[in-house]
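Reading through the structure tokens given below for one structure.
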Amino acid sequence: MSRGALAPTTAAWLLLGAAFGSPSCHISSRNTTASVSCSDFGSPVDFEHFIQRPLSRPTLSFVLRDSHLERLPPGAFADVSATSLELINVTVDSFEYAEDDNPFAGLRASVENVTFSGRSSLPASWAILSDLQSLRALAIFEAPGRLNLTRDIGLLPGSLRHVIVDSAQVGYVDDLWLAALVNLESLTLRNTDVSELKRSMMPRPAAALKNLDLSYLRRCGTLSSQLQLWCIQLA
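Numbering (mature numbering (1 follows the signal peptide of the UniProt record, and there is no 0)) for the sequence shown: -21 to -1, 1 to 214.
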């Protein structure tokens, strides 16, 4: 069996680095699905030592939690064909990278869902995820500090269908926030202090948009007049 192969058992578990607070990865698999959960990473070397590669399943979840890194290293997810990626309580001091050293490049063809949660650091620009050809959903839960919702999100690939922002203090909402996401199907805003949503923030036309989950608003009352009708129609 190759170094990165997952045992074809009902549930295969691998623990590397057993000491509490030490870098570790757990792998579980069942049939065509697998999940990888890594924690306490503090160095680029941890990505090399604790992530077994290659990792591939039709459905593969990769979670990194409780980590503090100066940067995500080049090739951080190389040979990890994850369909979903979640960073939970992960602090990254800088998402800057040299040309051709994008740390998310290994997920280009596979990842469909990317989630930042538990006050994980967010990239200064979503351009870092612009090459994720299969990306369908971006979710942010418990954003750190004040979150600015800018038109920079339009740099994400055209495959993006779903945007979720839950539990965030929002500093600024761009008038053209989601306007470039012509294939957007759903928007979820929960537990934020956004006070108004304007029609200009949405794609035009928005032929694919089917769901607005705006539980932070009292029904549709604080939407612009155009969006009030839209909200009622989608309810």
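Beta carbons: idealized from backbone N, C-alpha and C, even for Gly.
Residue nearest to residue 115 within the set 161, 44 and 72 is 161 (criterion: CA-CA distance). The three-state secondary structure of residue 27, taken from DSSP, is helix.
Leaving aside the five residues that flank residue 42 on each side, the residues in its chain whose CB is nearer than 6 Å to its CB run, in chain order, 16 and 65. Fully contained in the segment 127 to 189 are the following beta strand (DSSP E) runs of length 3 or more, in chain order: 141 to 152 and 165 to 171. The beta carbons of residue 142 and residue 118 sit closer together than 9 Å.
Looking only at 171, 157, 170 and 175, the smallest Cα-Cα distance to residue 183 is reached by 157. Of the other Cβ atoms in all chains shown, fewer than 16 fall within 10 Å of the Cβ of residue 73; this residue is therefore exposed. In the DSSP annotation of this structure, the continuous segment of the beta strand (DSSP E) that includes residue 70 starts and ends at 63 to 71.
Of the candidates 113, 35, 100 and 139, 100 places its Cα closest to the Cα of residue 126. If you look at residue 11, you'll find it isn't in any beta strand (DSSP E); DSSP assigns it neither H nor E. With respect to the 9 Å criterion, residue 39 and residue 55 are not classified as neighbours on the basis of their beta carbons.
Distance from the CA of residue 133 to the CA of residue 153, rounded to the nearest whole angstrom, comes to 12 Å.
9 Å or more divides the Cβ of residue 84 from the Cβ of residue 45. The closest CA to that of residue 23, considering only 71, 170 and 11, is found on 71.
The residues 130, 179 and 180, in chain order, have a CB closer than 7 Å to that of residue 155 in the same chain once the five nearest residues on each side in sequence are set aside. Counting along the chain, the unbroken beta strand (DSSP E) around residue 44 starts and ends at 38 to 48. In this structure, residue 191 places its C-beta atom within 9 Å of the C-beta atom of residue 165. No Cβ-Cβ contact shorter than 9 Å links residue 113 with residue 147.
Linking residue 1 to residue 9 through their CA atoms gives a straight-line distance of about 26 Å.
In the structure shown, the three-state DSSP call for residue 118 is strand. Annotation for residue 121: 96, 97, 98 and 146 place their beta carbon closer than 7 Å to its own, counting only its chain and skipping 5 residues before and after. Here residue 25 is buried. Its C-beta has 16 or more other C-beta atoms within 10 Å. Inter-residue distance for residue 29 and residue 93 is about 21 Å (C-alpha atoms, whole angstroms). Within the same chain, 125, 126, 127, 128, 171, 172 and 173 come within 8 Å of residue 149 by CB-CB distance, once the 5 residues on both sides are set aside.
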